[in-house]
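Chemist:
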Amino acid sequence: MTDMQDLAPEHFKCRIEDGIAIVTLDRPERKNPLTFESYAELGDWFRTLRDAEDVNAVIFGSNGGNFCSGGDVHDIIAPLLDRDMKGLLAFTRMTGDLVKAMINCGKPIIAAVDGVCVGAGAIIAMASDLRIATPEAKTAFLFTRVGLAGCDMGACAILPRLIGQGRAAELLYTGRSMSADEGERWGFFNRVVKADQLEADAISLARRIGDGPGFAHMITKTMLAQEWSMSIEQAVEAEAQAQAICMQTEDFRRAYEAFVDKRKPQFEGN
């Protein structure tokens, strides 16, 4: 098993408090753009997270009033103009690997979105399990505005599941910003809170989730991702098997014993 406390990321900030990892990009003067290095390091970090015992939930937060301004124009987009097809595909696969790593990390992820949340930043929010925003949050999948398709990093697969096909199509074709109010009404954001409450609210939610049965949460996250490609009959059978596995955990026994003793269960994730 891995202790995430032992890792010291170079290209993003991370602190771990009481089983909650709080991750932020660290270029606030540029509204936190991604670079080749931060893409790769974030992907590696989320892949490592799957085997971590000291993290129960993750908050991907904002920094300096903004979430993420997408890929850095100078550090990423300009160099891509000189790459051949093989080099371009290596880059697009690397960016997609970050989404795969987030989906497969086994831990619930909460995006705490303030200010600018565009391009790959919008994708990171989209790939999280839950999203909280401030009224100032502006989310845009602006790939068409730089001459690219809207089908970036899984957007055409995931976004319609969150907000519906028509709404997703509008955002992906036009590249326009979705306001926090729209995002909440459409189901992209779970709720909107004041900016000075954003981190505290995210931590409160992460703690509530993190105090739950960690192994069972991993199963829930896995099934949420996998069941979109299943028939109803396949999904019902898959959930029967998943639940039978969870019934073998000590947390299931702890919950029963706590119920009998009329006390709150103390889950340990096994």
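In terms of the numbering used here, the sequence shown opens at residue 942 and continues consecutively.
Don't be surprised by glycine CBs; every beta carbon is placed ideally from N, CA and C.
1. Using the DSSP secondary-structure output, state which residues sit across from L975 in a beta bridge.
2. As a quick exercise: from R1117, A1141, R1108, L1139, pick the residue whose alpha carbon is nearest that of R1126.
3. Between E978 and chain B, is the shortest Cβ-Cβ distance under 8 Å, so that the two count as touching?
4. Considering F1001, what are the terminal residues of the beta strand (DSSP E) in which it resides?
5. Pull up the distance between the alpha-carbon of D1137 and that of I1000, whole angstroms please.
6. What span of residues does the alpha helix (DSSP H) with E1174 cover, start to end?
7. Measuring alpha carbon to alpha carbon, tell me which residue in V996, F987, R1117, A962 is nearest V1057.
8. Three or more C-beta pairs under 8 Å: does that hold for the segment 1141–1148 against the segment 1049–1064?
9. Using 8 Å as the Cβ pair cut-off and three pairs as the minimum, do the segment 964–973 and the segment 1019–1029 touch?
10. For A1081, count neighbouring Cβ atoms within 10 angstroms of its own Cβ and tell me buried if that reaches 16, exposed if not.
11. Please tell me whether G933 and A1042 are closer than 8 Å, where the distance is taken between their beta carbons.
12. Anyone know if the C-beta pair for S979 and F953 falls short of 8 Å?
13. For E1044 and G1062, I'd like the C-alpha separation in whole angstroms.
14. Return the Cβ separation of G1060 and G1012 in integer angstroms, given the expectation that the two are a contact with Cβ distance under 8 Å.
15. To the nearest angstrom, report how far apart L1022 and F1032 are at their CA atoms.
16. Nearest-angstrom Cα distance between E1180 and K1162?
17. Compare the Cα-Cα distances from D1070 to each of H1158, G1105, S1172 and report the closest residue.
18. Less than 8 Å separating the beta-carbons of T1075 and A1121?
19. Would the beta-carbon of M1164 fall within 8 Å of that of A1183?
20. Helix, strand or coil, according to DSSP, for M945 in the structure here?
21. Let's test the definition: count the other Cβ atoms within 10 Å of the Cβ of I1064 and tell me whether it reaches 16, buried, or not, exposed.
Modeler: In short:
1. Residue pairing for L975: DSSP places it in a beta bridge opposite G1012.
2. With distances taken between Cα atoms, R1126 lies closest to R1108.
3. Any reference to chain B falls outside this structure, which holds one protein chain only.
4. Start and end: 998–1001.
5. Note on geometry: alpha-carbon atoms of D1137 and I1000 lie some 16 Å from one another.
6. Looking at the DSSP string, the run of the alpha helix (DSSP H) that includes E1174 is 1173–1187.
7. The candidate whose alpha carbon is nearest that of V1057 is R1117.
8. Taking one beta carbon from each stretch, the segment 1141–1148 and the segment 1049–1064 have 3 or more pairs nearer than 8 Å; the two touch.
9. No, the segment 964–973 does not touch the segment 1019–1029.
10. Here A1081 is buried, its C-beta having at least 16 other C-beta atoms within 10 Å.
11. No information on residue 933 is available, as it lies outside the stretch 942 to 1211 that the chain covers here.
12. Contact flag set, yes.
13. Reading the sequence as shown, one finds Ile at residue 1044 and not Glu. Roughly 15 Å between the two C-alpha positions.
14. Approximately 6 Å separates the beta-carbon atoms of G1060 and G1012; this is inside 8 Å, confirming the contact.
15. Near 12 Å, if we compare the C-alpha coordinates of F1032 and L1022.
16. Straight-line Cα distance between these residues: approximately 12 Å.
17. Minimum Cα-Cα distance from D1070 among the listed residues H1158, G1105, S1172 corresponds to H1158.
18. Yes, the pair counts as a contact, with Cβ atoms nearer than the cut-off.
19. Yes, Cβ-Cβ distance for M1164 and A1183 is below 8 Å.
20. Helix.
21. So I1064 ends up on the buried side.
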